[in-house]
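Top to bottom, those sequences are chains D and L.
Numbered per the UniProt record's numbering, the first sequence spans residues 1 to 517.
Numbered per the UniProt record's numbering, the second sequence spans residues 1 to 332.
Take a look at the structure set out below.
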Amino acid sequence: MNVNRRQVLWAGGAIGASALLAACGSGDETSAKSPAGKGEKPRRGGTLRVGALGRASAITRDPHGTQANESDYLIISLVHDTLTVPGAKPNTVPRLAASWQASDDLKTWRFTLAKGATFHDGTPVTAEDVVWSLKRLRNTPSGASRLPGIKAENIKAEGTDTVVLVSDYANAELPQLTRLTTFVLKKDTKDSDLGKAPGTGPFKLDWFRSGNARLVRNADWYGGDVHLDAIEVKIFESPQAMANALLAGQIDVASNVGAVAARTAEKRGDVQVVRRPNDMAMPIVMRTADGPFADVKVREALRLAVDREAMVKQVLSGYGTVANDILGTGDPAYAKDVPQRTRDLARAKQLLKEAGFDTSKTYQLLTTEDIAGLAESATLFASQVREAGVKVEVVRQESATFWDKTWLKGDLYTTYWGTNDSVVFFASKTMVSDSGQNEAGWKNKEFDAAYRKAMATKDAAERAKVLHELQQIEHDASGYLLWGMADGIDLAGAAVRNLPTLPGYGRVQLERAWLAR
Amino acid sequence: MAGTLTPTARPEPAAGSRQPARTALYVAGVLVRRLLLLAGLLAAVFAAVELLPGDAADATSERGESAADLAQRRRLLGLDRPVAERFWDWMTGLPTGDLGTSARGEQVADLLARPFPNTLLLGGLALLLTLAASVALGCWAAARPGGPLDRAVSASATGILALPEFVVAVALVLVFAQWTGWLPAVTLTDSDGSPASWRMLVLPVLALAIPQIGWNTRIVRAALADEARAPHIDTAVLDGLPRRRILTHHLLPGALPTIAAGVATSTGMLLGGAVVVETIFNYPGIGSVLAGAVADRDSPVIAGVVAVTGAVITAVLLLADLVRTWASGGRT
Numbered sequence: 001m002n003v004n005r006r007q008v009l010w011a012g013g014a015i016g017a018s019a020l021l022a023a024c025g026s027g028d029e030t031s032a033k034s035p036a037g038k039g040e041k042p043r044r045g046g047t048l049r050v051g052a053l054g055r056a057s058a059i060t061r062d063p064h065g066t067q068a069n070e071s072d073y074l075i076i077s078l079v080h081d082t083l084t085v086p087g088a089k090p091n092t093v094p095r096l097a098a099s100w101q102a103s104d105d106l107k108t109w110r111f112t113l114a115k116g117a118t119f120h121d122g123t124p125v126t127a128e129d130v131v132w133s134l135k136r137l138r139n140t141p142s143g144a145s146r147l148p149g150i151k152a153e154n155i156k157a158e159g160t161d162t163v164v165l166v167s168d169y170a171n172a173e174l175p176q177l178t179r180l181t182t183f184v185l186k187k188d189t190k191d192s193d194l195g196k197a198p199g200t201g202p203f204k205l206d207w208f209r210s211g212n213a214r215l216v217r218n219a220d221w222y223g224g225d226v227h228l229d230a231i232e233v234k235i236f237e238s239p240q241a242m243a244n245a246l247l248a249g250q251i252d253v254a255s256n257v258g259a260v261a262a263r264t265a266e267k268r269g270d271v272q273v274v275r276r277p278n279d280m281a282m283p284i285v286m287r288t289a290d291g292p293f294a295d296v297k298v299r300e301a302l303r304l305a306v307d308r309e310a311m312v313k314q315v316l317s318g319y320g321t322v323a324n325d326i327l328g329t330g331d332p333a334y335a336k337d338v339p340q341r342t343r344d345l346a347r348a349k350q351l352l353k354e355a356g357f358d359t360s361k362t363y364q365l366l367t368t369e370d371i372a373g374l375a376e377s378a379t380l381f382a383s384q385v386r387e388a389g390v391k392v393e394v395v396r397q398e399s400a401t402f403w404d405k406t407w408l409k410g411d412l413y414t415t416y417w418g419t420n421d422s423v424v425f426f427a428s429k430t431m432v433s434d435s436g437q438n439e440a441g442w443k444n445k446e447f448d449a450a451y452r453k454a455m456a457t458k459d460a461a462e463r464a465k466v467l468h469e470l471q472q473i474e475h476d477a478s479g480y481l482l483w484g485m486a487d488g489i490d491l492a493g494a495a496v497r498n499l500p501t502l503p504g505y506g507r508v509q510l511e512r513a514w515l516a517r
Numbered sequence: 001m002a003g004t005l006t007p008t009a010r011p012e013p014a015a016g017s018r019q020p021a022r023t024a025l026y027v028a029g030v031l032v033r034r035l036l037l038l039a040g041l042l043a044a045v046f047a048a049v050e051l052l053p054g055d056a057a058d059a060t061s062e063r064g065e066s067a068a069d070l071a072q073r074r075r076l077l078g079l080d081r082p083v084a085e086r087f088w089d090w091m092t093g094l095p096t097g098d099l100g101t102s103a104r105g106e107q108v109a110d111l112l113a114r115p116f117p118n119t120l121l122l123g124g125l126a127l128l129l130t131l132a133a134s135v136a137l138g139c140w141a142a143a144r145p146g147g148p149l150d151r152a153v154s155a156s157a158t159g160i161l162a163l164p165e166f167v168v169a170v171a172l173v174l175v176f177a178q179w180t181g182w183l184p185a186v187t188l189t190d191s192d193g194s195p196a197s198w199r200m201l202v203l204p205v206l207a208l209a210i211p212q213i214g215w216n217t218r219i220v221r222a223a224l225a226d227e228a229r230a231p232h233i234d235t236a237v238l239d240g241l242p243r244r245r246i247l248t249h250h251l252l253p254g255a256l257p258t259i260a261a262g263v264a265t266s267t268g269m270l271l272g273g274a275v276v277v278e279t280i281f282n283y284p285g286i287g288s289v290l291a292g293a294v295a296d297r298d299s300p301v302i303a304g305v306v307a308v309t310g311a312v313i314t315a316v317l318l319l320a321d322l323v324r325t326w327a328s329g330g331r332t
């Protein structure tokens, strides 16, 4: 699934404001107690009150629509199941689909549905229901980007419990596409009934009103025991109000509330700060196709001129990790053994000289204030590369102008991706020569070849090897300067246990949470 | 000061309670003018959204949707038609109560069904509190003009009216929710979409009302001072009437038109301030609907919010006009 840019508006939430505080940042990571609750026996019962960000004007009940509200997405994913869900390792784990298998050419994929899966009204889930739902998803305006390469007519049922997807091309990572938006409804659910349509998920809808909802345990869930009696989702327009509500004890979890709230909460003994690493990438894009950064040596020089530790400490208030110019850091296939690039101003200057880079000129770095922290990252970057002799002037653009005029076209600009924990996602979407969102205009034959080979390799170990090659090329030559990854940050009351720690949309997996009270 | 605050709509001198037909005609005239003004405002809303960069199709798309997908979305939302045509469609639906469809496919009337009454409740309570507090404080100050009390009230009123709502709101949260824990920090709703407890209304109402109380106290005080200079007050004082009777029977009725106009003007300020205050307290009103709709370039939703709030402001202004007409007509 692609990330709706409004969807991540809050994700970085308060990162930026925290940059102001960064100077006095302690830097030590004192995020209190672990929310994991390991070793404790889960208790049954209780109502978990969860705050999630959303705007009243953007409320939608359509599981296959564009959910700009985190609150809407949370409600939908607790009530309805997708075929697969994000995991830590592997990053795609079963949900409504219990297993899947590919043909030898990696084009045809068979998904077998979980045994005993039923809708909340008691009727069993059939392959027909799934096919109808996937086709409905595919036929929405965003359908092509959510199920890329899979035409609606190539989604078919086989018997009652198998769904067959045929891709236009070999795709070893196809199940990944089914993780976030493949919500399953009963066949022929009318658009007008979407709000109360029975799902198959761990919770049933009790009521929904103006973005708020109460969900009760689905005792018959095929996925295992659900501990909580109920979850109440409360919609919040601002992270500040959500943090206030948590600190005042009006809610138990403030989902994706951001770094500023975390800094306040760290001082409180009765609040847990849940950090979900690898949540958000905010790379700097250097155009490779033409312009002043087309020479790979210049890009290398900038990557050596940035002080990554300082970026993480100041822009992210320390709520993040240093990155190595490879996107997809949360992927189990991420190449951890590629040596970490560190600051080397002497080498950077030498490379600039070799490339004949014109250091008398001032170069514009275009950015937006779409997510707080982004513009600050640009400013800090500009001051850092100046030490290598590169003069950069930061230009802040209005969001709509930026996406229209600068994105995919500019020589030097900031971008952001609410995470996708997958190396292949970024390779396919933003780096393969003919990809639709090739942000740096990068065309690299070896990279393309490695990508195609990886996608057509069935053997997992062999594929991992090819993916490693691919990441090495990306590290050496791509148009990205990825200095760090921001954590996703939730706050929780002292009694909350077993909250998800996955980045991005993994935060909605509340079916195993429980309350120690 | 009171003179400069006298609102623009002049009461027709001849209109009075003794001529119901003429009053009705006058009301109808004002109403028609105000509704035309509202229609003009709504047209301006559509035009303004058109001038903003990007459109609702862009705003509600996902990154990386192709140009063809975007075009399809634009067609679905009817954005490929000229703005005048879309405005006309929307306006013609208005009399039937149809406020159109949002860019995310929800009925605008449904989107506003719960939030709007909530905002009315918040604004209404704040208006009542403003009226009661500013009349009380204004009278109190005017009772001994130039005395220490008068100076204290006038000075603090001036100080308070200069405070933006968000400063008041943040301070209230800090003191009454974070430090003392006496009141809830934010408003949460129950299953019918209204605030779960009356205690949740206290802080938002105060945050909205306090700056307006400052403003209106000054108006009341000034109107009473103006009125006190009138000859019939001197007569009443010379007649030896009790101070309280002079205030309630002679001063206040004379000052009423100005006070009514001042409070009516506050209605607009209260509804505008609600957008900010609702965000800080997470109050489930139209403020957050409006903020999101502007970000989404969602003209029908923005126009829907403007239409319903405009209708309320029109009604309150009309009421204030009637009060002024009645008060001045009865006395002249």
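We put the beta carbon where it would ideally sit given N, CA and C, even for glycine.
In chain L, what lies closer than 8 Å to residue 414 of chain D by C-beta?
Near residue 414 of chain D there are no residues of chain L at all, since even the closest Cβ is about 14 Å away, more than 8 Å.
Does the Cβ-Cβ distance between residue 282 of chain D and residue 302 of chain D come in under 8 Å?
For the 8 Å CB-CB criterion, residue 282 of chain D and residue 302 of chain D do not form a contact.
Which chain L residues sit within Cβ distance under 8 Å of residue 247 of chain D?
178, 185
Secondary structure of residue 393 of chain D, DSSP reduced to three states:
It is a strand residue.
Determine the burial state of residue 148 of chain L: buried for a count of at least 16 other Cβ atoms within 10 Å of its Cβ, exposed for fewer.
exposed
Applying the criterion that 16 or more other CB atoms from any shown protein chain within 10 Å of the CB defines a buried residue, is residue 225 of chain D buried or exposed?
Exposed is the label assigned to residue 225 of chain D, since fewer than 16 other Cβ atoms lie within 10 Å of its Cβ.
Measuring only from the beta carbon, is residue 491 of chain D closer than 7 Å to any heavy atom that is part of the ligand NAD?
No copy of the ligand NAD appears in this structure; indeed no ligand is present at all.
Going by other Cβ atoms of all chains shown within 10 Å of its Cβ, with 16 needed for buried, is residue 161 of chain D buried or exposed?
buried
Just the chain L side, please: which residues come within less than 8 Å of residue 59 of chain D by C-beta, in chain order?
104, 106, 111
Between residue 189 of chain L and chain D, is the shortest Cβ-Cβ distance under 8 Å, so that the two count as touching?
yes
Would you identify the three-state DSSP class for residue 173 of chain D, choosing helix, strand or coil?
coil
Can you tell me the Cα-Cα spacing of residue 326 of chain L and residue 53 of chain D, whole angstroms?
49 Å
Would you please state the rounded distance, in angstroms, between the beta carbons of residue 519 of chain D and residue 111 of chain D? I believe it to be under 8 Å.
Only positions 1 to 517 of chain D appear in this structure, which leaves residue 519 of chain D out of reach.
For the region 228-248 of chain D and the region 42-61 of chain D, state whether three or more C-beta atom pairs, one from each stretch, are separated by less than 8 Å.
yes
Members of the region 62-96 of chain D near chain L, C-beta cut-off 8 Å
62, 65, 66, 68
Taking Cβ-Cβ distances below 9 Å as the criterion, which residues of the region 61-91 of chain L are in contact with chain D?
Considering only beta carbons, the part of the region 61-91 of chain L lying closer than 9 Å to chain D consists of 61, 62, 63, 64, 65, 66, 68, 69, 70, 72, 73, 76, in chain order.
Counting C-beta neighbours from all protein chains within 10 Å, is the total for residue 139 of chain D 16 or more, i.e. buried, or is it exposed?
Residue 139 of chain D should be labelled exposed.
Residue 99 of chain D by DSSP, collapsed to three states: which one?
strand
Suppose only complete runs of 3+ residues qualify. What are the beta strand (DSSP E) ranges in the region 348-428 of chain D, listed by chain order?
Within the region 348-428 of chain D, the runs of beta strand (DSSP E) at least 3 residues long that lie entirely inside it are, in chain order, 362-367, 391-396, 412-414.
Inter-residue spacing [alpha-carbon to alpha-carbon] between residue 115 of chain D and residue 222 of chain D
Straight-line Cα distance between these residues: approximately 7 Å.
By DSSP's criteria, residue 20 of chain L is part of a beta bridge. Which residues make up the other side?
DSSP lists no partner for residue 20 of chain L.
Cα-Cα separation between residue 98 of chain L and residue 321 of chain L, rounded to whole angstroms
30 Å
For residue 233 of chain D, which option in L:227, L:241, L:188 has the closest C-alpha, if you only look at C-alpha atoms?
L:188
Between the region 194-212 of chain D and chain L, which residues of the former have CB atoms less than 7 Å from a CB of the latter, in chain order?
207, 209, 210, 212
Does residue 442 of chain D come out as helix, strand or coil in the three-state DSSP assignment?
coil
If you pair each beta-carbon of the region 246-262 of chain D with each one of the region 452-465 of chain D, do three or more pairs fall below 8 Å?
The region 246-262 of chain D is not in contact with the region 452-465 of chain D.
DSSP state of residue 323 of chain D, grouped into three classes?
DSSP places residue 323 of chain D in coil when its eight states are reduced to three.
Check distances from the C-beta atoms of the region 384-409 of chain D to those of chain L and list, in chain order, the residues that come in under 9 Å.
398, 399, 400, 401, 403, 404, 407
Given that a residue counts as buried once 16 or more other Cβ atoms are within 10 Å of its Cβ, and exposed if not, what is residue 211 of chain D?
buried
8 Å Cβ cutoff met for residue 259 of chain L and residue 153 of chain L:
In this structure, residue 259 of chain L sits away from residue 153 of chain L, with a CB-CB distance that is not shorter than 8 Å.
According to the Cβ coordinates, are residue 313 of chain L and residue 169 of chain L closer than 8 Å?
no
Exposed unless 16 or more other CB atoms sit within 10 angstroms - verdict on residue 81 of chain D
By the 10 Å Cβ count, residue 81 of chain D comes out buried.
How would you list, in chain order, the residues of chain B whose beta-carbon sits under 8 Å from the beta-carbon of residue 173 of chain L?
Here chain B cannot be found, since the structure's protein chains are D and L.
For residue 196 of chain D, which of helix, strand or coil comes out of DSSP?
helix
Once DSSP output is grouped into helix, strand and coil, what is the label at residue 124 of chain D?
In this structure, residue 124 of chain D counts as strand in the three-state DSSP scheme.
Within the chosen definition, does the region 117-135 of chain D reach the region 346-366 of chain D through at least 3 CB pairs nearer than 8 Å?
no
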